[in-house]
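2 protein chains.
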Amino acid sequence: MKTTRKSRWKDIRNQINKRILNQTYRPGDKLPRDEDIANEFDCARSTVQRAMRSLADEGMLQRKRKGGTTVTTDPFTRTTLDIPITRRDIESRGHRYHYHLIHNSQERAPAKIAACFKQTHSEPCLKLESLHLADGRPYVYERRWISLTTVPEIQNVDLSEISANEWLVRNRPFSRCDVQIHASICTEKEAEYMGITANTAVLILERTTWISESPITHVRALHEPGYRLIPNGSMS
Amino acid sequence: MKTTRKSRWKDIRNQINKRILNQTYRPGDKLPRDEDIANEFDCARSTVQRAMRSLADEGMLQRKRKGGTTVTTDPFTRTTLDIPITRRDIESRGHRYHYHLIHNSQERAPAKIAACFKQTHSEPCLKLESLHLADGRPYVYERRWISLTTVPEIQNVDLSEISANEWLVRNRPFSRCDVQIHASICTEKEAEYMGITANTAVLILERTTWISESPITHVRALHEPGYRLIPNGSMS
DNA sequence: ATTTTAAATATGTAGCATCATAATAATACA
DNA sequence: TGTATTATTATGATGCTACATATTTAAAAT
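As you go down the protein sequences, you meet chains C and B in turn.
Going by the numbering used here, the first sequence opens with residue 6, and the numbers climb by one from there.
Going by the numbering used here, the second sequence opens with residue 6, and the numbers climb by one from there.
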């Protein structure tokens with residue numbers, strides 16, 4: 006058994022986690038009270054709580070006042086998904102980044118986008134189509150709608166120089182973000198932009214971001230064929 | 006400004022978060038020391054720390070000893086992805102769940118699977134193919150390899166009754182899980198099982214789970230066309 | 001027997017004190 | 001001038017105490 010060379014609470018978390026893994030505590034089982042565990046490990050209850058909260062946050066344990074702590078039955082596979090800005094994604098894979106603005110127009114949001122924005126009326130928007138390239142090869146084709154009500158100042162930005170992706174993330178932090186991931190067949194037009202054959206299967210990431218209740222942008226990012234989205238490894 | 010009706014540290018977290026959103030603290034900026042903030046909000050440093058840690062966990066802030074606290078530049082869109090067992094997924098969508106084991110054989114892991122297991126040799130495995138149905142309609146087709154070295158007792162389980170998915174999650178908690186998400190075209194065979202046209206775009210989720218260094222299982226889950234993977238809404 | 005009320009109890013929050021640790025800044029030294 | 005050493009300092013961890021709050025369990029009232 007490793008001695009505590011990092012921090013006591015992490016140590017305790019790992020001990021408890023180990024007991025769950027080796028079936029000492031089985032799914033559905035109730036764990037001893039924090040105080041008893043604190044006693045066993047000869048530490049303060051607050052330290053145990055720190056450990057327990059960590060495990061509960063990961064979805065391994067469920068905690069209820071009075072009810073005590075139980076091991077989650079049918080636990081999820083819980084992973085965190087970090088979606089970086091596309092430039093960073095490309096650069097971190099060791100490629101040179103290029104960006105190309107294909108289309109830039111001002112029009113009202115169509116019903117579909119308005120729905121994403123959870124609005125009944127048609128918002129004035131900036132509609133952008135752009136290509137993110139890795140070493141000159143098309144990597145992501147994105148179609149983006151930006152609410153001019155929420156972000157009017159974007160009209161003064163030269164979006165052929167900096168991608169809306171980057172400008173927004175740097176200048177308009179969001180309070181909420183809805184994400185959807187799905188597979189689709191790419192259209193003729195998309196295939197042409199991406200330099201691939203039509204009807205290829207591609208991974209699509211759709212995101213809508215908000216600042217409190219105001220929609221900022223909706224973006225549909227079509228990734229190159231074979232693209233793999235890899236969440237962070239989960240657990241211990 | 007809402008008064009503290011939940012808990013002080015959450016309140017403080019929201020205040021700080023608000024300042025990031027409204028650009029009081031801009032990306033890259035250094036925040037005041039915890040103690041000063043504690044002073045401002047008239048609370049203990051530990052309470053501020055709780056709030057700060059929470060924001061740091063979400064990826065909004067970066068904290069370093071001595072270096073202080075800074076607002077993350079180029080923040081990720083960080084979401085958590087909970088992948089439930091397929092039965093739960095189907096039932097939570099309000100459908101009746103059925104499970105059908107298509108194939109069950111014992112064979113050595115092919116090179117590809119061995120690679121997923123990070124092994125050079127060929128492990129004895131159980132190879133399973135099964136179908137998860139929602140209201141009788143094919144929902145997920147999974148091809149699974151289970152290491153008989155790590156989980157020998159699975160040989161005594163009647164996998165036509167309970168899905169390996171469920172049995173494993175209930176009986177063999179894992180310490181690590183690698184996930185990959187990608188889009189693919191389904192083959193003739195897959196299309197037949199799923200009751201769809203060949204060459205349809207489908208979302209594929211691949212997972213490998215481990216108990217310490219021993220691989221438990223590798224599964225490739227092919228979802229029904231149009232399936233959307235929806236991570237939990239992120240942030241505040 | 002059924003509903004209401006009241007205790008008991010396990011976790012949650014919070015404040016305070018103290019030491020640990022990492023990273024920087026300042027200083028001394030070669 | 002460049003390098004090694006030593007303060008300084010901001011966050012991290014741990015322990016204690018006290019009180020809050022949600023729930024269950026038990027008792028009491030109807």
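Ideal Cβ positions, reconstructed from N, Cα and C, are used throughout, including at glycine.
Fair warning: this is a prediction, and the values are worked out from it, not measured in the lab.
Short CB-CB distance (under 9 Å) between residue i and chain B
| i | result |
| --- | --- |
| C/Phe-122 | no |
| C/Ser-168 | no |
| C/Asn-22 | yes |
| C/Tyr-104 | no |
| C/Pro-143 | no |
| C/Ala-114 | no |
| C/Ser-241 | Low per-residue confidence applies at C/Ser-241: pLDDT is 43, beneath 50, and the placement is therefore not dependable, though the value from the model is reported in the following sentence. So, interface residue. |
For residue i, the residue or residues it bridges with in DSSP
| i | result |
| --- | --- |
| B/Phe-76 | Checking the sequence, you will find Val at residue 76 of chain B rather than Phe. Its beta-bridge partners are B/Leu-66. |
| C/Arg-13 | DSSP, once it has assigned bridges, lists no residue as partnering C/Arg-13. |
| B/Leu-322 | The structure shown has nothing for residue 322 of chain B, since chain B only spans 6 to 241. |
| B/Arg-149 | B/Leu-133 and B/Val-224 |
| C/Glu-112 | C/Cys-130 |
| C/Ala-188 | C/Leu-208 |
| B/Leu-234 | C/Ile-186 |
| B/Ser-219 | B/Ile-216 |
| B/Leu-60 | According to DSSP, B/Leu-60 bridges with nothing at all. |
| C/Leu-86 | B/Thr-84 |
| B/Lys-35 | B/Thr-75 |
| C/Pro-143 | C/Leu-138 |
| C/Arg-181 | C/Trp-215 |
Contacts around residue i, its chain only, beta-carbon distance under 6 Å, and the 5 residues preceding and following it disregarded
| i | result |
| --- | --- |
| B/Arg-101 | Asp-140 |
| C/Ala-56 | Trp-14, Ile-17 and Arg-18 |
| C/Val-224 | Glu-147, Arg-149 and Arg-212 |
Proximity test, Cβ basis, 9 Å: residue i and chain C
| i | result |
| --- | --- |
| B/Thr-9 | A caution first: B/Thr-9 carries a pLDDT of 42, below 50, which makes its placement in the model too unreliable to give a value. |
| B/Ile-216 | yes |
| B/Tyr-232 | yes |
| B/Gly-64 | yes |
| B/Val-162 | no |
| B/Arg-18 | no |
| B/Pro-80 | yes |
| B/Val-207 | yes |
Residue i versus residue j - alpha carbon distance
| i | j | result |
| --- | --- | --- |
| C/Glu-193 | C/Leu-26 | 50 Å |
| B/Ala-61 | C/Ser-152 | 29 Å |
| C/Ile-88 | C/Leu-227 | 14 Å |
| B/Leu-131 | C/Tyr-104 | 47 Å |
| B/Ser-127 | B/Cys-121 | 11 Å |
| C/Ser-219 | B/Cys-48 | 32 Å |
| C/Asn-204 | C/Ala-196 | 8 Å |
| C/Thr-125 | C/Pro-80 | 38 Å |
Beta-carbon contacts of residue i that lie in its chain and below 7 Å, excluding the five residues immediately before and after
| i | result |
| --- | --- |
| C/Glu-215 | Correcting the residue type first, residue 215 of chain C is Trp in the shown sequence and not Glu. For C/Trp-215, where only same-chain residues beyond five positions count, the Cβ hits under 7 Å are Phe-179, Ser-180, Arg-181 and Ile-221. |
| B/Glu-40 | Arg-50 |
| C/Asp-163 | none |
Close beta carbons around residue i, own chain, < 8 Å, minus the five adjacent residues each side
| i | result |
| --- | --- |
| C/Ala-43 | Ala-49, Arg-50, Thr-52 and Val-53 |
| C/Ser-241 | Because the pLDDT of C/Ser-241 is 43, which lies under 50, any placement of that residue in the model is unreliable, and the question is left without a value. |
| C/Arg-92 | Tyr-102, Tyr-104, His-137, Ser-168, Asn-170 and Glu-171 |
Members of the segment 171-202 of chain C near chain B, C-beta cut-off 7 Å | Val-174, Arg-175, Pro-178, Ser-180, Arg-181, Cys-182, Asp-183, Val-184, Gln-185, Ile-186, His-187, Ala-188, Ser-189 and Ile-190
| said: Output needed in chain order: residues of the segment 39-63 of chain C with a Cβ under 8 Å from some Cβ in chain B. | reply: none
> Which residues, in chain order, does the segment 84-105 of chain B contribute to contact with chain C at a C-beta distance below 9 Å?
Replying inline: Thr-84, Thr-85, Leu-86, Asp-87, Ile-88, Pro-89, Ile-90, Arg-92 and Arg-93
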